[in-house]
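Reading through the structure tokens given below for one structure.
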Amino acid sequence: MQALSATKGLRAGLAAQQRRPARRALAPACAAAPVKEVLEEGSKGFQTEVPTGLNKYSGHITQPKSQGASQAMLYATGLTQDDMNKPQVGISSVWWEGNPCNMHLNDLAAEVKAGVAEAGLVGLRFNTIGVSDGISMGTDGMSFSLQSRDIIADSIETVMSAQWYDANISLPGCDKNMPGTIMAMARLNRPSLMIYGGTIKPGYSKLGSNDTLDIVSAFQSYGGFTAGLINEDERCDIVRNSCPGPGACGGMYTANTMATAIETLGMSLPYSSSTPAEDPLKRVECRLAGRYVLEMLKKDIKPRDIMTRAAFENAMVIVMATGGSTNAVLHLIAMARSCGLDLTLDDFQRVSDRVPFIADLKPSGKYVMEDVHKIGGTPAVLKYLLERNLIDGSCLTVTGKTLAENLAACPGLKEGQQVILPLETPIKSSGHLQILYGNLSPQGAVGKITGKEGLVFEGKALCFDCEEDMLHALEQDQQQFKGSVVVIRYEGPKGGPGMPEMLTPTSAIMGAGLGKECALITDGRFSGGSHGFVIGHVCPEAQEGGPIALVQNGDTIRIDAETRSMDILNVDDAELQRRRAAWTAPPLKATSGTLYKYIKNVAPASMGCVTDAALSSKAAVQASFGVARPQRLSARRVGLVVRAAQVSSNDFKTGMTIEFDGAPYKVVEFLHVKPGKGAAFVRSKLKNFITNNTVEKTWRAGETVDLANVEKKETQFTYAEGDEYVFMDMTTYEETRVPRDEDWAKYMKEGMTVGVLLWNGKVISVEPPNTVELEVVETDPGVKGNTASGGSKPAKLETGAVIQVPLFIQQGERIKVDTRSDSYLSRAN
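Shown next as structure tokens:
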């Protein structure tokens, strides 16, 4: 059946597709994006001297005499004695020469290194891996694409952590590069910024048509050729001239989508996302980055200070306004998880409902990213959205200023430009990304629906268990696709594996002129270049037994963007259960190597396909079956009240943490009392973790008390600075400063592994190991010291603690001590 027309209420918005010019000047005119002027002016107030103490990570290997071998290795690289006292900046480049998106990044990294040195810092370059989707698309190589994002994050985290770099500047170029670098920055949480490699120039036909070309033109040439719409000479002309040089694919595809979102998020400098790769201004940005990272080090501005919930909301807004890739849903969720934030599919729907689609950019529109640069760049677009109260200007950015402060220094959109339409006459009155639920996608799916192909599609299922089968069927008989809902399954995170993009199938459909005559749904994902009536990220995926695995040819499927639903209409629950009982999971496509590791660790698409989530997606899938789909008119969640764990006063133990009167306490002493008359009770002495005050409290025997929800984070004690003790999380290398408390400070020794205790996210105390080995530095000599009492005498330990030890213990001996009772245990072996 053919796509049904849009509702009357949205026709006014869709009329903007006629490419009318803006009705009014949206902001002051600008000749072009003033990248150099804005970035130089923004750094004018920075102090150029490098204060001491900024090398708090690299200092672990450059300062101690015990790390002489580390220092020798660094001297071999050309570092000087003066360099040993400077902060070190890891410059991570996703360079390789086999991809236009990345082929120039080494040159840009050299500019960054020079700028870092000019700022008085040490810049050290290293590389990570990448995958070119444009080259791998339509082949088994696409199974490696999405996992490359997490490998990039893992590898940057690995080098930065192992080499103790103080800050990071990353230079990504292709789709998965951007979120991979940002995920690493969030995990490390050290001053960091991202420099986008930049977009490619448009290509031009050499056969006289003067049409602009890009990578999607090359993809769609196949469908056009098979449909007889172009000949072999025309196909070859398109292929040879679509990509004229370095830079990422030119439309609002995944690379430009993520670069724009990350600039909006605050993690790259103004104009980074819109300055083309070959524009000399890109090198200017690289050269100035050192100034900004020094300022971030001085102010201790870290990625998690920037990437807040409000900042992610801004990023979602720009994705919707500019018609960005569906991949942004996966990647922003994954980036947020790396920041410890919970971003969900419903959050995207909420933003989509309030933000119009206003950018006439490819793949669905006319213009490319270079055109955005010409009309004022990404800051000009953001300035317009800020003026209309669609984004939050108070969010911090890598400049050390807020987003609103950055945009105040940037001109607005060029007068008369037609790339960005007025909000009053948008391409679509709400966002193009829609989150669909139904009996076909109980955990959600992501639709990219601009409205051009209609908002509702109903048709018979035409099922394929891989994209290759679909492409072969299209070559043989295009008529069977008309009026059909094409289902491509077993292409999810585990089934693909790697959730490959279905750009080749969508391009073949569009190239064959079938964009309005069929819809496509898949548990795989789509390239930013995909357009048409397409639904991806169907959860649960087929490999995990999701309902998409149960669809059969001829089933009627209805996709409704207005009600945000996707359902099999002619199959009841009993039939679905019968099909489920008969279904068996196909064998995994990888049983060893990196793809097998990915299959075993990857989370569902609705969780961003992260590989470090402690969740069994199988359990999540099973839990979803039989659960009614959520109401989509309200994205609110029902809060669950979880009662705190409790303990009986009869079971008190020394050191136990309890909560009463709204504060956490440690049980210091307790005594069970059974009087001759009356009920038994428990006397206790408690120490308030917040105030350090000690109180006495009497409880009824058997009275229940809330246990304090105290989290213990394993850290290493690194050093004391005045009355502050500094502890480092050896996983994230994040430092925590805790005011001295004699109860635990008396046992602290540098390098000791201890627990930092947190209550409601606030540091409340430090817990030393139960047993420590320390040297006796002072005690009276001989068996009978003149301060001995009974069978023991006082001894001062190397950390300052004073405890009673047996009379035979001598100065210089090492002993074991129980820190809970301040008591001697034995001599150390």
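Residue numbers (the UniProt record's numbering): 1 to 829. The C-beta atom is built at its ideal place from N, Cα and C for all residues, glycine as well. Treat the numbers as computed from the prediction; the structure is a model and nothing was measured.
Nearest-angstrom Cβ-Cβ length linking residue i and residue j, presumed shorter than 8 angstroms
i	j	result
LEU423	GLY251	Contact flag wrong, Cβ pair sits at about 22 angstroms.
LEU297	ALA186	Wrong, their Cβ atoms sit about 18 angstroms apart, outside the cutoff.
CYS286	LEU108	5 angstroms
GLY197	LEU171	6 angstroms
CYS410	PRO604	With a Cβ gap of about 39 angstroms, CYS410 and PRO604 do not count as contacting.
CYS518	GLY459	7 angstroms
PRO497	SER143	5 angstroms
SER92	THR181	7 angstroms
ASN177	VAL284	Wrong, their Cβ atoms sit about 21 angstroms apart, outside the cutoff.
Candidates the options, of which the one nearest residue i by Cα
i	options	result
VAL682	PHE689, THR691, GLU696, ASN692	GLU696
VAL673	THR657, GLY702, GLU775	GLY702
ASN601	GLY662, THR308, GLY377, PRO493	PRO493
VAL456	ASN439, GLY444, VAL485	VAL485
GLY438	CYS539, ASP651, CYS518	CYS539
ASP661	LYS687, ASP353, HIS331	LYS687
GLU541	GLN577, CYS243, MET499	MET499
ALA691	ASP567, PRO664, ASN127	The sequence shown places Thr at residue 691, rather than the Ala named in the question. Considering only alpha carbons, the answer is PRO664.
PRO675	ARG700, GLU813, LYS366	ARG700
MET510	LYS44, VAL738, SER221	SER221
LEU330	TYR384, LEU281, SER217, LEU146	LEU146
GLN552	VAL710, CYS463, ILE559	CYS463
ASP233	MET258, LYS206, THR397	LYS206
ASP346	ALA561, GLN434, GLU118	GLN434
Neighbourhood of residue i by C-beta distance below 6 angstroms, restricted to the same chain and skipping five residues each side
i	result
residue 831	This structure leaves residue 831 out entirely; the chain is present only between 1 and 829.
THR86	Sequence check: residue 86 is Lys here, not Thr. LEU121, VAL122.
ALA184	ALA153, ILE156, GLU157
PHE727	THR715, PHE717, THR736, VAL756
GLN443	CYS539, PRO540, SER606, SER624
Per DSSP, the bridge partner or partners of residue i
i	result
GLY123	VAL89
ASP818	THR771, SER823
GLN716	MET728, THR753
residue 855	Residue 855 lies beyond the stretch modelled for the chain, which goes from 1 to 829, so this question has no answer here.
SER565	TYR437, ASP560
GLN646	ASP706
PRO244	BP columns for PRO244 are empty, so no partner.
PHE457	ILE559
ASN168	GLY90, SER192
ARG525	GLU501
GLY203	LEU213
ALA445	LEU436
GLU711	LEU758
LEU797	VAL776
GLU721	GLU724
PRO739	GLU724
CYS463	VAL487
Beta-carbon proximity list for residue i, same chain, < 7 angstroms, skipping 5 on both sides
i	result
ALA619	At ALA619 the pLDDT is 38, less than 50, meaning the model places this residue with poor confidence; the figure from the coordinates comes in the next sentence. Within the same chain, ALA619 has no close Cβ partners at all.
ASP465	ARG489, TYR490
ILE809	VAL776, THR779, ALA795, ILE815
ILE151	ILE129
ASN570	ASP555, THR556
Close beta carbons around residue i, own chain, < 8 angstroms, minus the five adjacent residues each side
i	result
THR450	GLY323, PHE357, SER364, ILE427, LYS428, HIS432, HIS531
MET502	GLU467, ILE488, GLU491, LEU520, THR522, GLY524, ARG525, PHE526, SER527, SER530, VAL534, GLY536
GLY98	SER132, ILE135
ARG820	THR654, GLY655, ASN770
TYR89	Correcting the residue identity first, residue 89 is Val in this sequence and not Tyr. Here the set comprises VAL116, LEU121, VAL122, GLY123, LEU124, TYR165, ASP166, ALA167, ASN168, ILE169, GLY290, VAL293.
Chain D within 8 angstroms of residue i, Cβ atoms only
i	result
GLY444	No chain D is present in this structure, which holds just one protein chain.
**OP:** Determine, using beta-carbon pairs with one atom in the segment 219-228 and one in the segment 269-280, whether at least three such pairs fall under 8 angstroms.
**Re:** By the Cβ rule, the segment 219-228 does not count as touching the segment 269-280, because fewer than three pairs are nearer than 8 angstroms.
Subject >> Inter-stretch contact (C-beta, 8 angstroms, three-pair minimum) for the segment 659-674 and the segment 729-742 >> reply: no
Subject >> Three or more C-beta pairs below 8 angstroms linking the segment 480-495 and the segment 107-116 >> reply: no
Original post:
Do the segment 439-456 and the segment 465-476 make contact, defined as three or more Cβ pairs closer than 8 angstroms?
Top reply: no
Original post:
So does the segment 32-49 actually touch the segment 260-267, counting three or more Cβ pairs closer than 8 angstroms?
Top reply: Verdict: no, contact absent.
**OP:** Check whether the segment 47-55 touches the segment 386-396, counting contact only when three or more Cβ pairs, one atom from each stretch, lie closer than 8 angstroms.
**Re:** With a cut-off of 8 angstroms, the segment 386-396 and the segment 47-55 do not count as touching, because too few Cβ pairs lie within range.
**OP:** Mind the definition here: the segment 579-594 touches the segment 311-327 only if three or more C-beta pairs lie below 8 angstroms; say whether that holds.
**Re:** no
Original post:
Are the segment 541-549 and the segment 505-513 touching, with three or more C-beta to C-beta distances below 8 angstroms?
Top reply: Fewer than three Cβ pairs drawn from the segment 541-549 and the segment 505-513 lie within less than 8 angstroms of each other, which leaves the two stretches out of contact.
**OP:** Count the CB pairs spanning the segment 207-216 and the segment 332-341 that are closer than 8 angstroms, and state whether there are at least three.
**Re:** no
**OP:** Inspect the CB distances between the segment 289-307 and the segment 365-381 and report whether three or more fall short of 8 angstroms.
**Re:** no
Subject >> Segment contact flag, the segment 232-249 with the segment 200-209, C-beta cutoff 8 angstroms, min 3 pairs >> reply: yes
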